[in-house]
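Positions 262 to 565 (the numbering used here) are the ones given, in order, by the sequence shown. Here the structure is laid out as structure tokens; the discussion comes afterwards.
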Amino acid sequence: MSEQAELVLDARCGVGESPVWDSARQCLWWVDIPGKALWRWHSDSGQARQWTTPEQTGCIALAAGSDALPHGQWIAAMETGVARLTPGDDGSVGTERITRVTHPQTGMRFNDGRCDRQGRLRAGTMVADMSLAAPSGSLYALDLDDRVPALRGLEAGYITPNGMAFSPDGRTMYLSDSHPNRQTVWAFDYDTDTGTPHNRRVFIDFRPLPGRPDGAAVDTDGCYWICGNDAGLVHRFTPAGRLDRSLSVPVKKPAMCAFGGAGLDTLYVTSIRPGGDLADQPLAGGVFALRPGVRGLDEPRCAI
């Protein structure tokens, strides 16, 4: 076990988000939201590559049945809806629109999201300008309606929905609102048959804790790992909501974490590179690895 953060890649992402471990290829994928980039890093070679996406992408999930393709296919929640992305050897990205979203106001995009244990994508939307503190964000479900993919609204009234994760048995869903006005993580009972959350209750009140609640992951013990944005920390909470430990990364704004590696025992952490003087955090926007002595769960393939 090593709780010392190691630099994986000095990617300098504006907003590095949605890390996903690709067990078929033994590599890590993630997105840079403002950079409109899909990134890949191979653990064996240490080589990295990126593809330009047509829109800003908030989150990605590996599509079921795409392991035979050289770079897989990715279900991406973007600015105007959800699309299927196929990265090419030549650096191009084939884009197939799956469904569109009707935002309640301008300047919105998808943000954090992931698949439930059954492979159904759930993702939230937000107003990109967080200074507006607009509670216009919603949580959406991407489901099949008569075999046609369609978005179904689940929850509304969020400012910056984040921290999506599911318990190992899939019966608890976690969701945070990382806006400074909210700073709360909720737990929901999750109906695995219908893919519907209910019985929302406060899981963590982040206001007395260091950092704001950002992206998250769950380990095999059912503990919830969440990035403490602005504090340079990744926190682990027990299923009862008790803070278990906090690990440091050498940047102020860790954004999201995901378990990966051959044994799913490495916690990868993406980060944000803000504007201004970065003398005290030159690696901001990089990707880091922690080895906390616990294992994660392989991410389900998206069934759409």
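All C-beta atoms in this analysis are idealised placements derived from N, C-alpha and C, irrespective of residue type, glycine included. Remember, predicted model here, so these are calculated numbers, not experimental data.
Asked: Run of the beta strand (DSSP E) containing Ser507, from where it starts to where it stops; Found: Leu504 to Ser509
Asked: Reduced DSSP secondary structure (H/G/I, E/B, other) of Ser392; Found: helix
Asked: The stretch 444 to 455 / the stretch 489 to 496 touching (three or more Cβ pairs under 8 Å); Found: no
Asked: Outcome for Gly368 when other beta-carbon atoms lying within 10 angstroms are tallied against a minimum of 16; Found: exposed
Asked: Span of the beta strand (DSSP E), counted from its first residue to its last, around Asn423; Found: Pro422 to Phe427
Asked: Bounding residues of the beta strand (DSSP E) (the contiguous stretch that carries Gln311); Found: Ala309 to Thr313
Asked: Start-to-end residues for the beta strand (DSSP E) that takes in Gly544; Found: Note on identity: in this sequence residue 544 is Leu, with Gly being the wrong assignment. No beta strand (DSSP E) holds Leu544; DSSP gives it neither H nor E.
Asked: Straight-line Cα distance separating Leu330 from Leu474; Found: The sequence shown places Pro at residue 474, not Leu. Each residue's alpha carbon lies about 35 Å from the other.
Asked: Cut-off 7 Å between Cβ atoms - residues of its own chain near Asp505, not counting five sequence neighbours on either side; Found: Cys484, Arg497, Phe498 and Thr499
Asked: Terminal residues of the beta strand (DSSP E) in which Thr204 lies; Found: This structure gives no information on residue 204, because the portion of the chain shown stretches from 262 to 565.
Asked: Limits of the unbroken beta strand (DSSP E) element including Val530; Found: Thr527 to Ser532
Asked: Closest residue to Gly547 among Val276, Gln265 and Leu508 (Cα-Cα distance); Found: Val276
Asked: Nearest-angstrom Cβ-Cβ length linking Val354 and Thr347, presumed shorter than 8 Å; Found: 7 Å
Asked: Rounded straight-line distance, which links the Cα of Asp377 to that of Leu412; Found: 15 Å
Asked: The beta strand (DSSP E) enclosing Glu560, as first and last residue numbers; Found: No beta strand (DSSP E) contains Glu560, which DSSP labels as neither H nor E.
Asked: Reduced DSSP category for Arg432 - H, G, I as helix; E, B as strand; rest coil; Found: coil
Asked: Cβ distance (whole Å) where Arg381 is taken to contact Gly374 below 8 Å; Found: With 8 Å as the limit, Arg381 and Gly374 do not qualify as a contact, their Cβ atoms being about 11 Å apart.
Asked: Residues of its chain near Thr356, where Cβ-Cβ distance is below 7 Å and the 5 sequence neighbours each way are ignored; Found: Pro315, Ala344 and Leu346
Asked: Segment contact flag, the stretch 503 to 523 with the stretch 546 to 564, C-beta cutoff 8 Å, min 3 pairs; Found: yes
Asked: Cβ pair Ala417, Ser399 closer than 7 Å; Found: yes
Asked: Rounded separation between Gln444 and Asp351 - CA only; Found: 42 Å
Asked: Selected residue, minimal CA-CA separation from Pro396, among Leu323, Arg556, Thr433 and Tyr419; Found: Tyr419
Asked: DSSP-derived helix/strand/coil call for Thr499; Found: coil
Asked: Pair within 7 Å by beta-carbon distance, Met387 and Asn372; Found: yes
Asked: Arg310 CB to nearest heavy atom of the ligand COA below 6 Å; Found: Absence of the ligand COA from the depicted structure is noted, as is the absence of any ligand whatsoever, leaving it without description.
Asked: Which residues DSSP lists as bridging Arg413, in chain order; Found: Ala402
Asked: Arg361 at chain D interface by Cβ criterion, 7 Å; Found: Chain labels in this structure do not include chain D; a single protein chain is all it has.
Asked: Option in Gly502, Ser284 and Ala389 with minimal Cα separation from Leu470; Found: Gly502
Asked: Three-state secondary structure assigned by DSSP to Asp480; Found: strand
Asked: Own chain residues within Cβ distance below 7 Å of Gly522, not counting five before or after; Found: Ser304
Asked: Cut-off 8 Å between Cβ atoms - residues of its own chain near Val479, not counting five sequence neighbours on either side; Found: Ala426, Phe427, Ser428, Pro429, Tyr435, Tyr485, Trp486, Gly557 and Leu558
Asked: For Met369, the three-state DSSP class (helix, strand or coil); Found: strand
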